[in-house]
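Have a look at the structure below, then the notes.
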Amino acid sequence: MNIFRRSPDRRSPDRGPGPGGFTRKTTTALAGGVMLSLALAGCGSGGGDDATEEEQTLSVFAAASLTDSFEDLAGEFEEQHPGVDVELNFAGSSTLVTQLQDGAPADVFASADEANMDKAVDAGLVNGEPSIFATNLLTIAVPAGNPAGITSFEDLAGEGVNVVVCEQRVPCGAATERIEEITGTTLSPVSEESAVTDVMGKVTSGQADAGVVYKTDVTAAGDAVEEVEIAQTEEAINRYPIAALESSADADLAREFIDFIQGSRGQERLAEEGFGAP
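The sequence shown begins at 50 in the working numbering and counts up by one.
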């Protein structure tokens, strides 16, 4: 489970990627935080620390494509809510639903499509009505310079083209399948990934000539990739729902986080990453 807690240095300019796509500093901060907590627990039995007693964790399960925006927004939410530690778990939406069905505790679930949120609702995991907070569109990411000369979705089916896509059970994979049906194109991917971030990883590492990802992923990758737009992308738009969960220990705090994501600052940050309005 890709879970980590926010650390005060989350926006340090020299942070680098660590295992699982998280920053090395975040991982270090988590380990340090655990050690500090143990040390505090062993310090004297005299009067308790009111600030420590008031600390609480808000666990947010979010689609992998939300990583950059939710990392920043979680940090801002913490600043507005002293004593709250936002713990983020990023993965493919279908993987997150499976984790929740298996009993993983969480307060908020943000999916990359309505189908996986419906699964959570049907399983009795959701508290209240989910609401749409963003939209996303598919596009094609190719390595810088576009060595395979990809110009359209149909080119991805060309002989010798190494294309990577998401698994069909994942929102980006289901949307890719819709584009295949619309265009009458059948892809033969060299790899099918469980998260869109893994598709992008294959492209940026040079293991693929192209990958079908979200526009937000191309934005996040910067100069490492180039974008080849899909003409029919508007016909396979993904709507992102968010909801509080029945397993939440603090339903009010969970809804405050949801309100923050749907508020002006949340929408502004999502737009910066290339997400569309609800």
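Heads up, the beta-carbon is just placed ideally off N, CA and C, and yes, glycines get one too. Keep in mind it's a predicted model, so treat the numbers as computed, not measured.
Given residue i, which residues of its chain have a CB within under 6 Å of its CB, disregarding the five upstream and five downstream residues?
i	result
S143	N165, R218, V219
R227	A285
I231	Q281, E284
T106	D134, E136
R314	none
Which class does residue i belong to by DSSP, given the choice of helix, strand or coil?
i	result
Q316	helix
G323	coil
F309	helix
Q281	coil
I228	helix
S118	helix
F126	helix
Q105	strand
E178	strand
T265	helix
A298	coil
D151	coil
N165	helix
G198	coil
A257	coil
L236	coil
L137	strand
Assuming the contact rule is C-beta atoms closer than 8 Å, residue i and residue j should be a hit. Round their C-beta distance to whole Å, please.
i	j	result
S160	A224	Contact doesn't hold; Cβ gap of about 13 Å is too wide.
A140	A244	6 Å
Counting only the same chain and skipping the five closest in sequence on each side, list residues whose C-beta sits under 7 Å from that of residue i.
i	result
Q327	One detail in the question is off: residue 327 reads as Pro in this sequence, not Gln. Hits under 7 Å: I181, F182, A183, T184.
N211	V239, A257, D258
T265	S114, N185, E322, G323, F324
V274	A190, V191, P192, A193, V252, T253, V267
Taking Cβ to Cβ, would you say residue i is nearer than 8 Å to residue j?
i	j	result
V248	V214	yes
L187	V239	no
V175	V109	no
V191	V133	no
S114	R318	no
D162	R304	no
Take residue i and list the residues in its own chain whose beta-carbon comes closer than 8 Å to its own, dropping the five residues that flank it on each side.
i	result
T234	F202, E203, L205, A206, I228
Inset, instruction - Could you tell me whether the segment 166 to 181 touches the segment 136 to 156, using the rule of 3 or more Cβ pairs below 8 Å? - result: yes
Inset, instruction - For the segment 266 to 281 and the segment 123 to 130, state whether three or more C-beta atom pairs, one from each stretch, are separated by less than 8 Å. - result: no
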